[in-house]
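Encoded as structure tokens, the structure appears first; notes follow it.
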Amino acid sequence: MTDTTFAPARQPIVKRYPVVLVFLGCLALFTLGVTILSEGFGIGVISTSFVKTLGKTLCLCLVALAMDLVWGYCGILSLGHMAFFGLGGYAIGMWLMYARTEIIVVQSLSAAPLPPTAQEISDGIATQIFGVVGASEFPPIWAVAHSLPLQLAAVVLVPGLLALVFGWLAFRSRVTGVYLSILTQAMTLALALYLFQNDSGLRGNNGLSGLQNLPGLGHVPQSTVSIWFFWASALALGIGFLLCTWVVSGKFGSVIRAIRDDESRVRFLGYPVEAYKLFVFTLTAVIAAIAGALYYPQAGIINPAEIAPIASIYLAVWVAIGGRGRLYGAVMGAAFVSLLSTYFTGGQAPDINLGFYTIQWVNWWTVLLGLSFVVVTLFAPKGLGGLFDLIAARTSPNRHGADLGPDVGALREKEAEK
Amino acid sequence: MSSLLEVSGVSVSFDGFKAINNLTFQIGEAEMRAVIGPNGAGKTTFMDIVTGKTRPDEGRVLWGEKSQSLLSMSESQIAQAGVGRKFQRPTVFEDQTVAENLMLALKKKRGPLAVLGFRASRADQDKVVELAEEIGLSAALDRKSGELSHGQKQWLEIGMLLAQEPRLLLVDEPAAGMTPAEREHTTEILVEAAKTRAVVVVEHDMEFVRRLNCKVTVLHEGSVLAEGSIDHVTSDEAVIEVYLGR
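Just so you know, the protein sequences line up as chains A and B, in that order.
Going by the working numbering, 326 is the number at position 333 of the first sequence; the sequence numbering is gapless.
To get the working numbering, take the position in the second sequence, counting from 1, and add 565.
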């Protein structure tokens, strides 16, 4: 009987899940292709701004992976994950802005007869950065902005801690379903409103800008920097995919899917459900933050509007359209919808003249997106990822050697395989 | 005989309705007990209290040789302490295979980090196969449990309970919706299980209870009406009046 048991667990993950290899292969080919076609390293068919768009899309795919893990697998419909994404962006943006302003200030002060003191430099940077909100002093949250390692740690720690505390409070009180969604949305809205204030210490609605300029690398053209970030995003997505596959494979994945389907039953099996939810919520928040930290240097600017609840709702829409509960589905959804969105809202899509009315896609794209969300939810709950099931259905299912037909006289699998 | 579970003076009311009224109940190690009673007698609420789903207004629930109070523990802690529960409706994880369901239930460390690093050993897999044979599902190990028939799901849930290796098994109407042959098999599994652990079976079906051949507790309006052998309770005047008679 032992040969009918499930796949042996000792095999490496790529063997148990061939989709990982396919995914990583596609990602590698895509990265190679873009690099060859880019302006920075190749023949220059793809413009630098489009390389940035593609790099940003990879980051969105990464955050969609996180969303799929927390929603598609663990059943927590979080409408706040883009807040963690934004916080990651803010954390890296603070260092980028500080370090670049520092270079500029030091340069301008170098002409002075006396060498500037550290205090003068610091004041100069503060005036430069906060002049726009009428302040000239560093708020306490900028305490470690001068240090890249510390700000990189903040990319992970700040959203991670926020998710940990928020999740602990919410899950401990057994808030589930739509109530949890509303709560996460309230969190992201509160955060956005707070950041909109000038005295939040993060430049209010101006946000942080000039993030595309890497401090000390001013001589490197953007065409090169864009490819660096593109590579980094592709690498992060690849690692993220491996990590998520590892998490959802095996028993942990089994437990979180069980939590999604019947939470109280899992409790009666003796699993501390709250601890699992908290773990997944925090892990995905950290993944989202890393994605954000890679996204915003490519976008060049971050402001509180990026953290608004609508961003997180879009994230849920991508995952739903891509097909939740399968990782490549989330990636497909995010890539497909966000690229399409760029196309339609960028004014490239031709208007449709109906004679009595002209459909302008910049306005009508959201309507189309909303409609397709409804259609997918109602008629194709498996989303884009479900298309692969159609292919799988064409090949014969794995019967584990059982009879092909209802009676004993039917062909056995071995006989039929000729 | 030392008791494994001791419920004493427990009362709970929902919006003024007393679902459990000063209930006292004891069960020892390796004992089979059937709990019967008309609808609304508090059978399910009793299970909810023992498993930590419902907190009683007053009373004590003590567990094990150290007489730990179960009232301060969460559902998952109580389950880890050794209380397994089977629900009235079969609740298995329909999206997962029979093997995955059994593997989930297998007695192992339950913390997230331990589970993240968990890899099923040969022994674990053999154990799953063995359990599947016991519940007659060895041919269905790789099937999604949602595809199983009602009776098979009931068995799978019983198998999951056995995999948990609980010291106390609470079983809510195990024979509901089963064919006579399936019932017989279920009886066998339960009687076998009761040799090594305490089993409490809540059941409506008198015939099934008779076949279990064990001590019977009759609940009525949230408290114990009678206790004893099946013949004893079925001849009890009060029991006949509220439950069997009419």
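Yeah, the Cβ is synthetic: ideal placement off N, Cα and C, and Gly gets one too.
Do residue i and residue j have their C-beta atoms closer together than 7 Å?
{"i": "residue 51 of chain A", "j": "residue 38 of chain A", "result": "no"}
{"i": "residue 71 of chain A", "j": "residue 181 of chain A", "result": "no"}
{"i": "residue 85 of chain A", "j": "residue 98 of chain A", "result": "no"}
{"i": "residue 216 of chain A", "j": "residue 294 of chain A", "result": "no"}
{"i": "residue 668 of chain B", "j": "residue 693 of chain B", "result": "yes"}
{"i": "residue 376 of chain A", "j": "residue 315 of chain A", "result": "yes"}
{"i": "residue 57 of chain A", "j": "residue 311 of chain A", "result": "yes"}
{"i": "residue 652 of chain B", "j": "residue 737 of chain B", "result": "yes"}
{"i": "residue 264 of chain A", "j": "residue 675 of chain B", "result": "yes"}
{"i": "residue 262 of chain A", "j": "residue 685 of chain B", "result": "no"}
{"i": "residue 188 of chain A", "j": "residue 297 of chain A", "result": "yes"}
{"i": "residue 604 of chain B", "j": "residue 788 of chain B", "result": "no"}
{"i": "residue 163 of chain A", "j": "residue 677 of chain B", "result": "no"}
{"i": "residue 204 of chain A", "j": "residue 289 of chain A", "result": "yes"}
{"i": "residue 778 of chain B", "j": "residue 710 of chain B", "result": "no"}
{"i": "residue 715 of chain B", "j": "residue 742 of chain B", "result": "yes"}
{"i": "residue 79 of chain A", "j": "residue 283 of chain A", "result": "no"}
{"i": "residue 286 of chain A", "j": "residue 148 of chain A", "result": "yes"}
{"i": "residue 414 of chain A", "j": "residue 66 of chain A", "result": "Residue 414 of chain A is absent from the structure shown; chain A starts at -6 and stops at 411."}
{"i": "residue 200 of chain A", "j": "residue 190 of chain A", "result": "no"}
{"i": "residue 647 of chain B", "j": "residue 731 of chain B", "result": "yes"}
Suppose the cutoff is 8 Å on Cβ atoms and the five residues either side in sequence are ignored; what does the same chain contact list for residue i look like?
{"i": "residue 6 of chain A", "result": "13, 235, 238, 239, 242"}
{"i": "residue 592 of chain B", "result": "568, 569, 570, 598, 733, 763, 765"}
{"i": "residue 602 of chain B", "result": "608, 783, 784, 785, 790, 808"}
{"i": "residue 54 of chain A", "result": "230, 323, 324, 327, 328"}
{"i": "residue 137 of chain A", "result": "143, 144, 147"}
{"i": "residue 332 of chain A", "result": "46, 50"}
Name the chain A residues whose beta carbon is nearer than 7 Å to that of residue i?
{"i": "residue 771 of chain B", "result": "By Cβ distance, chain A contributes nothing, its closest Cβ being about 28 Å from residue 771 of chain B, past 7 Å."}
{"i": "residue 640 of chain B", "result": "260, 261"}
{"i": "residue 625 of chain B", "result": "Going along chain A, no residue has its Cβ under 7 Å from residue 625 of chain B, so there is no contact; the nearest lies around 22 Å."}
By Cβ distance, which residues of its chain are closer than 7 Å to residue i, with the 5 residues on each side in sequence left out?
{"i": "residue 617 of chain B", "result": "635, 638, 639, 640, 643"}
{"i": "residue 20 of chain A", "result": "227, 230, 231"}
{"i": "residue 73 of chain A", "result": "177, 178, 180, 181, 305"}
{"i": "residue 803 of chain B", "result": "790, 791"}
Which bits of chain B does residue i rub up against, with CB to CB less than 7 Å?
{"i": "residue 262 of chain A", "result": "644, 669, 670, 729"}
{"i": "residue 248 of chain A", "result": "669, 680"}
Taking residue i as the query, report the chain B residues whose CB atoms sit under 8 Å from its CB, ordered along the chain.
{"i": "residue 10 of chain A", "result": "Per Cβ cutoff of 8 Å: no residues; residue 10 of chain A is ~15 Å from chain B at best."}
{"i": "residue 49 of chain A", "result": "Near residue 49 of chain A there are no residues of chain B at all, since even the closest Cβ is about 31 Å away, more than 8 Å."}
Can you find the residues in the same chain that come closer than 6 Å, C-beta to C-beta, to residue i, ignoring five residues on each side of it along the sequence?
{"i": "residue 131 of chain A", "result": "119"}
{"i": "residue 596 of chain B", "result": "763"}
{"i": "residue -2 of chain A", "result": "Unreliable placement is indicated for residue -2 of chain A, whose pLDDT of 43 sits below 50; the coordinate value is still reported in the next sentence. There are no such residues."}
{"i": "residue 48 of chain A", "result": "222, 223, 226, 291"}
{"i": "residue 219 of chain A", "result": "41, 44, 45"}
{"i": "residue 2 of chain A", "result": "Caution is warranted here: a pLDDT of 48 is assigned to residue 2 of chain A, below 50, making its placement in the model unreliable, and the coordinate value is therefore given only provisionally. Result list for residue 2 of chain A: empty, nothing under 6 Å."}
{"i": "residue 277 of chain A", "result": "59, 62, 63"}
{"i": "residue 623 of chain B", "result": "576"}
{"i": "residue -4 of chain A", "result": "Note that residue -4 of chain A has pLDDT 42, beneath the 50 cutoff, so the model's placement of it is unreliable and the number below is only indicative. Same-chain partners within the cutoff: there are none."}
{"i": "residue 793 of chain B", "result": "none"}
{"i": "residue 351 of chain A", "result": "344"}
{"i": "residue 309 of chain A", "result": "none"}
Whole-angstrom Cβ separation of residue i and residue j, contact assumed at under 8 Å?
{"i": "residue 279 of chain A", "j": "residue 142 of chain A", "result": "Residue 279 of chain A to residue 142 of chain A, Cβ: 17 Å. No contact."}
{"i": "residue 271 of chain A", "j": "residue 160 of chain A", "result": "5 Å"}
{"i": "residue 712 of chain B", "j": "residue 656 of chain B", "result": "In fact, because the Cβ distance is near 16 Å, the residues do not count as touching under 8 Å."}
{"i": "residue 244 of chain A", "j": "residue 680 of chain B", "result": "5 Å"}
{"i": "residue 335 of chain A", "j": "residue 355 of chain A", "result": "About 12 Å; that fails the 8 Å criterion."}
Can you list the residues of chain A that residue i reaches, using a CB-CB cut of under 8 Å?
{"i": "residue 676 of chain B", "result": "265, 268"}
{"i": "residue 656 of chain B", "result": "255, 258"}
{"i": "residue 683 of chain B", "result": "243, 244, 245"}
{"i": "residue 616 of chain B", "result": "261"}
{"i": "residue 650 of chain B", "result": "261"}
I want to verify the contact list: residues of chain A whose CB lies under 9 Å from the CB of residue i, in sequence order.
{"i": "residue 611 of chain B", "result": "Simply none; closest approach about 15 Å."}
{"i": "residue 661 of chain B", "result": "247, 250, 251, 254"}
{"i": "residue 582 of chain B", "result": "What residue 582 of chain B touches in chain A: nothing, since even the nearest Cβ is about 23 Å away."}
Give the interface partners of residue i over in chain B, defined as CB-CB distance under 9 Å, in chain order.
{"i": "residue 45 of chain A", "result": "None at all; the shortest Cβ gap to chain B is about 36 Å."}
Residues in the segment 261 to 281 of chain A having any Cβ partner in chain D nearer than 8 Å: Although the question refers to chain D, the structure presented lacks it and instead comprises the protein chains A and B.
Runs of 4 residues minimum, wholly inside the segment 133 to 208 of chain A: which ones carry the alpha helix (DSSP H) assignment? With a minimum length of 4 residues, the continuous alpha helix (DSSP H) runs that stay inside the segment 133 to 208 of chain A are 141 to 165, 170 to 189.
Threshold first: 4 residues or longer. Then list the alpha helix (DSSP H) segments lying entirely within the segment 231 to 288 of chain A, N to C. Fully enclosed alpha helix (DSSP H) runs of 4 or longer: 243 to 254, 256 to 261.
Which ranges does the alpha helix (DSSP H) cover as unbroken runs of at least 4 residues, wholly within the segment 703 to 739 of chain B, from first to last along the chain? The alpha helix (DSSP H) runs lying completely inside the segment 703 to 739 of chain B and spanning 4 residues or more are 715 to 728, given in chain order.
Runs of alpha helix (DSSP H) wholly within the segment 635 to 716 of chain B (minimum 4 residues, chain order): Entirely contained in the segment 635 to 716 of chain B, the alpha helix (DSSP H) runs reaching 4 residues are, in chain order, 640 to 646, 663 to 670, 677 to 681, 687 to 699.
Could you name each continuous alpha helix (DSSP H) segment of 4 residues or more that falls completely within the segment 3 to 70 of chain A, going from the start of the chain to the end? Listed in chain order, they are 6 to 9, 11 to 30, 41 to 60.
For a minimum of 4 consecutive residues, which ranges assigned as the alpha helix (DSSP H) are wholly contained in the segment 89 to 135 of chain A? Here the runs fully enclosed are 111 to 123.
Could you pull out every unbroken alpha helix (DSSP H) segment of at least 4 residues lying fully inside the segment 287 to 348 of chain A, listed in chain order? Within the segment 287 to 348 of chain A, the complete alpha helix (DSSP H) runs of at least 4 residues are 302 to 315, 320 to 338.
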